[in-house]
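K.L.:
Structure below; questions to follow.
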Amino acid sequence: MNQKIAASAAAAALLAGLLSGCTPASEPSSQPAQSASPAPTETAAEKPYEGTTLNVMLAYGGAEASFDAFTEKTGIKVEYVEISTGKALAQLQAENGNTTADIWFGGGVDSYIAATDLGYLEQYVSPEAENINPAYSDKDGYWTGLALVPAGFLVNNDVLAERNLEAPKTWEDLAKPEYKGEIIMASPAISGTQYAILNGTIQAYGEEKGWEVWRGINENVDFYAQGGGEPGPKCAAGEFGIAVLAMTGGTFAMEDEFPVTALYPEDMIPWTPAPIAIFKSSENKEAAKVFVDYMLSKEGQDALREADARIMARSDVEIPAEIGNVDTSKLIEQDVRLFGSQREDLLAKWDALAGDKESN
Numbered sequence: 200m201n202q203k204i205a206a207s208a209a210a211a212a213l214l215a216g217l218l219s220g221c222t223p224a225s226e227p228s229s230q231p232a233q234s235a236s237p238a239p240t241e242t243a244a245e246k247p248y249e250g251t252t253l254n255v256m257l258a259y260g261g262a263e264a265s266f267d268a269f270t271e272k273t274g275i276k277v278e279y280v281e282i283s284t285g286k287a288l289a290q291l292q293a294e295n296g297n298t299t300a301d302i303w304f305g306g307g308v309d310s311y312i313a314a315t316d317l318g319y320l321e322q323y324v325s326p327e328a329e330n331i332n333p334a335y336s337d338k339d340g341y342w343t344g345l346a347l348v349p350a351g352f353l354v355n356n357d358v359l360a361e362r363n364l365e366a367p368k369t370w371e372d373l374a375k376p377e378y379k380g381e382i383i384m385a386s387p388a389i390s391g392t393q394y395a396i397l398n399g400t401i402q403a404y405g406e407e408k409g410w411e412v413w414r415g416i417n418e419n420v421d422f423y424a425q426g427g428g429e430p431g432p433k434c435a436a437g438e439f440g441i442a443v444l445a446m447t448g449g450t451f452a453m454e455d456e457f458p459v460t461a462l463y464p465e466d467m468i469p470w471t472p473a474p475i476a477i478f479k480s481s482e483n484k485e486a487a488k489v490f491v492d493y494m495l496s497k498e499g500q501d502a503l504r505e506a507d508a509r510i511m512a513r514s515d516v517e518i519p520a521e522i523g524n525v526d527t528s529k530l531i532e533q534d535v536r537l538f539g540s541q542r543e544d545l546l547a548k549w550d551a552l553a554g555d556k557e558s559n
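Here it is in structure tokens:
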């Protein structure tokens, strides 16, 4: 049974262990479990890493619901701590890449590209990668796309009606002065999805117009959330009229509980691959490869889509109805590699634009 670190104190302790490189005393050996019998049983042969525990840094909402199926199939247990990729990267840099985590799962690809350049990730090309568009993965196998995460808007219908506002239809609409104080979004320095939105739209618009649009949007934002999971709930609670966020099954599910509507932009849809990678410092690399293979397989992709509806990386997995009527022709034609090479420059410009709104 997967073990979620539910209590905040426990989560903090686990995260500290993952990022400090201090191996917990209870961490299982990365070697295959030994059979009590001199001859390996059929079960042991099928599950050579049974009893191993993999530690996962998770930035993929809902993915944990798919871990039980993996454990049942392989006997490998999964423990995880939820942390945005921006925060994870910053802490990995502080520890020079030393972590007892085995797997990095989901989040923004820009952080994976940076971690690759810093030498924090293990090179591994899964045999299942041949079923995935090369544009969604690192060409050298340091990370592989699990799913595509499109971005869009969540609007609170009651708030907009109260203020006599129409819902935005395009990214340029967000810069209209009537939306001042009504927009909530995460900081692109913290949220991989928000960074993908920023980079993707600037690639699409071009530098001059792109930054002009974002200057207008910035005028309508009072402060930036410190994680991609904040804007949706704040909008649903009526604190804001509009949230900019990842469009997942969880986003659309809010429509059943709150007076909100999830909307894809009519002009362009920014997106990012949600990757998976193995940390170079992992002491359980072989078991980690089994995990990666499973999550990229048809079986694993189906389980992951069931856990949280997204556009999966494999073309043989249908787009789930739970994420609405997404027009994939509106996905921005972007170079994902620029997410890494442009990150430092783009975030420096963003910091100058946002100023102290980042620290609230």
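Residue numbers for the sequence shown follow the working numbering, beginning at 200 and rising by one. Even glycine gets a Cβ: it sits at the ideal position worked out from N, Cα and C.
Buried or exposed: where does ARG414 fall if 16 or more other Cβ atoms within 10 Å of its Cβ makes it buried?
P.N.:
Label assigned to ARG414: exposed.
K.L.:
Return helix, strand or coil for LEU257, following the three-state DSSP convention.
P.N.:
Strand at LEU257.
K.L.:
Give the C-beta separation of ARG503 and LEU345 to the nearest angstrom, bearing in mind that I take them to be a contact with Cβ-Cβ under 8 Å.
P.N.:
Correcting the residue identity first, residue 503 is Leu in this sequence and not Arg. Rounded, the Cβ-Cβ distance is 7 Å, consistent with contact.
K.L.:
Any chance the region 476 to 494 sits against the region 311 to 326, with 3 or more Cβ pairs inside 8 Å?
P.N.:
Yes, they touch.
K.L.:
Look at the Cβ atom of GLY261, then the Cβ atom of THR392, and state whether they are nearer than 9 Å.
P.N.:
Their beta carbons are not under 9 Å apart, which means GLY261 does not touch THR392 by this criterion.
K.L.:
Per DSSP, what kind of secondary structure is GLU278 in: helix, strand or coil?
P.N.:
Of the three classes helix, strand and coil, the one that applies to GLU278 here is strand, per DSSP.
K.L.:
Distance check for GLN292 and LYS286, CA to CA, integer angstroms please.
P.N.:
Going by the C-alpha atoms only, they are around 10 Å apart.
K.L.:
My output table needs one value for VAL525: the three-state DSSP class, helix, strand or coil.
P.N.:
In this structure, VAL525 counts as coil in the three-state DSSP scheme.
K.L.:
Our contact map puts GLY523 next to ALA461 with C-beta atoms below 8 Å; I'd like the distance itself, whole angstroms only.
P.N.:
About 6 Å separates the two Cβ atoms, so the contact holds.
K.L.:
Excluding five sequence neighbours on each side, which residues of the same chain lie with their C-beta closer than 6 Å to the C-beta of GLN533?
P.N.:
Once the five neighbours on either side are set aside, the close Cβ partners of GLN533 are GLY399 and GLN402.
K.L.:
Could you tell me which of THR270, GLU521, TRP470 and GLU263 sits nearest to VAL489, measuring between CA atoms?
P.N.:
With distances taken between Cα atoms, VAL489 lies closest to THR270.
K.L.:
Where does the unbroken alpha helix (DSSP H) through LEU537 begin, and where does it stop?
P.N.:
It spans 537 to 540 - the alpha helix (DSSP H) in which LEU537 sits, taken as one unbroken run.
K.L.:
Let me make sure I understand the geometry here. Which of ASN297, VAL255 and PRO387 has the alpha-carbon closest to that of ILE282?
P.N.:
Among ASN297, VAL255 and PRO387, the Cα nearest to that of ILE282 is on VAL255.
K.L.:
How many angstroms separate the CA atom of ALA212 from the CA atom of ASP466?
P.N.:
Per-residue confidence for ALA212 stands at a pLDDT of 48, beneath the threshold of 50, marking its modelled position as unreliable; the derived number appears in the next sentence. For ALA212 and ASP466, the distance between alpha carbons rounds to 44 Å.
K.L.:
When we look at the beta-carbon of LEU545 and count the other beta-carbons within 10 Å, is it buried (16 or more) or exposed?
P.N.:
Buried, by the Cβ-count rule.
K.L.:
Between LEU495, PRO349, TYR378 and GLU485, which has its C-alpha nearest TYR463's C-alpha?
P.N.:
It is PRO349.
K.L.:
Taking Cβ to Cβ, would you say ILE468 is nearer than 9 Å to GLY305?
P.N.:
No, Cβ-Cβ distance for ILE468 and GLY305 is not below 9 Å.
K.L.:
For PRO367, count the other beta carbons within 10 Å of its own beta carbon; 16 or more makes it buried, fewer makes it exposed. Which is it?
P.N.:
The residue in question, PRO367, is buried, as its Cβ has 16 or more Cβ neighbours within 10 Å.
K.L.:
Starting from PRO432, follow the alpha helix (DSSP H) in both directions and report where the run begins and ends.
P.N.:
It spans 430 to 435 - the alpha helix (DSSP H) in which PRO432 sits, taken as one unbroken run.
K.L.:
Within this structure, are the beta carbons of ALA512 and PRO472 separated by less than 9 Å?
P.N.:
Their beta carbons are under 9 Å apart, which means ALA512 touches PRO472 by this criterion.
K.L.:
As a quick exercise: from GLU411, LYS433, LEU347 and TYR341, pick the residue whose alpha carbon is nearest that of GLU381.
P.N.:
GLU381 has its Cα closest to that of LYS433, out of GLU411, LYS433, LEU347 and TYR341.
K.L.:
Determine the closest residue to ALA268 out of ALA506, GLU245 and ALA520, with distance taken between C-alpha atoms.
P.N.:
Among ALA506, GLU245 and ALA520, the Cα nearest to that of ALA268 belongs to ALA506.
K.L.:
Taking Cβ positions, are TYR493 and ILE441 nearer each other than 9 Å?
P.N.:
The answer is no: Cβ separation not under 9 Å.
K.L.:
From what residue to what residue does the alpha helix (DSSP H) around VAL308 run?
P.N.:
Residues 308 to 316.
K.L.:
Measuring CB to CB, does TYR259 end up less than 9 Å from VAL491?
P.N.:
Taking 9 Å as the Cβ cut-off, TYR259 and VAL491 do not qualify as a contacting pair.
K.L.:
Mapping DSSP to helix, strand and coil, what is THR252?
P.N.:
Correct three-state label for THR252: strand.
K.L.:
Among LYS556, LEU320 and GLU429, which one has its Cα closest to the Cα of GLY340?
P.N.:
Here the closest residue by C-alpha is LEU320.
K.L.:
Alpha carbons only, please: which of ALA547, LEU552 and ARG542 is nearest the one belonging to ASP309?
P.N.:
Residue ARG542 is the option with its Cα nearest to ASP309.
K.L.:
If you draw a straight line from the C-alpha of SER228 to the C-alpha of ASN417, how long is it?
P.N.:
With a pLDDT of 37 at SER228, under the threshold of 50, the predicted position of this residue should be treated as unreliable, though the coordinate-derived value follows. Rounded to whole angstroms, SER228 to ASN417 spans 50 Å at the Cα level.
K.L.:
Please report how far the alpha carbon of ASN295 lies from the alpha carbon of ALA508, in whole angstroms.
P.N.:
So the alpha carbons of these two residues sit roughly 35 Å apart.
K.L.:
Are ASP301 and ALA445 close, meaning C-beta to C-beta below 9 Å?
P.N.:
No; because the gap between Cβ atoms is not below 9 Å, this pair is not in contact.
K.L.:
Per DSSP, what kind of secondary structure is GLY380 in: helix, strand or coil?
P.N.:
Of the three classes helix, strand and coil, the one that applies to GLY380 here is coil, per DSSP.
K.L.:
Let's test the definition: count the other Cβ atoms within 10 Å of the Cβ of THR369 and tell me whether it reaches 16, buried, or not, exposed.
P.N.:
Its Cβ having fewer than 16 others within 10 Å, THR369 is exposed.
K.L.:
Secondary structure at MET511, three-state DSSP: helix, strand or coil?
P.N.:
Strand at MET511.
K.L.:
Are the Cβ atoms of VAL525 and ASP501 separated by less than 9 Å?
P.N.:
Result no, Cβ atoms of VAL525 and ASP501 do not sit closer than 9 Å.
K.L.:
Rounded to the nearest angstrom, what separates PRO387 and TRP410 at their Cα positions?
P.N.:
Their backbone Cα atoms lie some 14 Å apart in a straight line.
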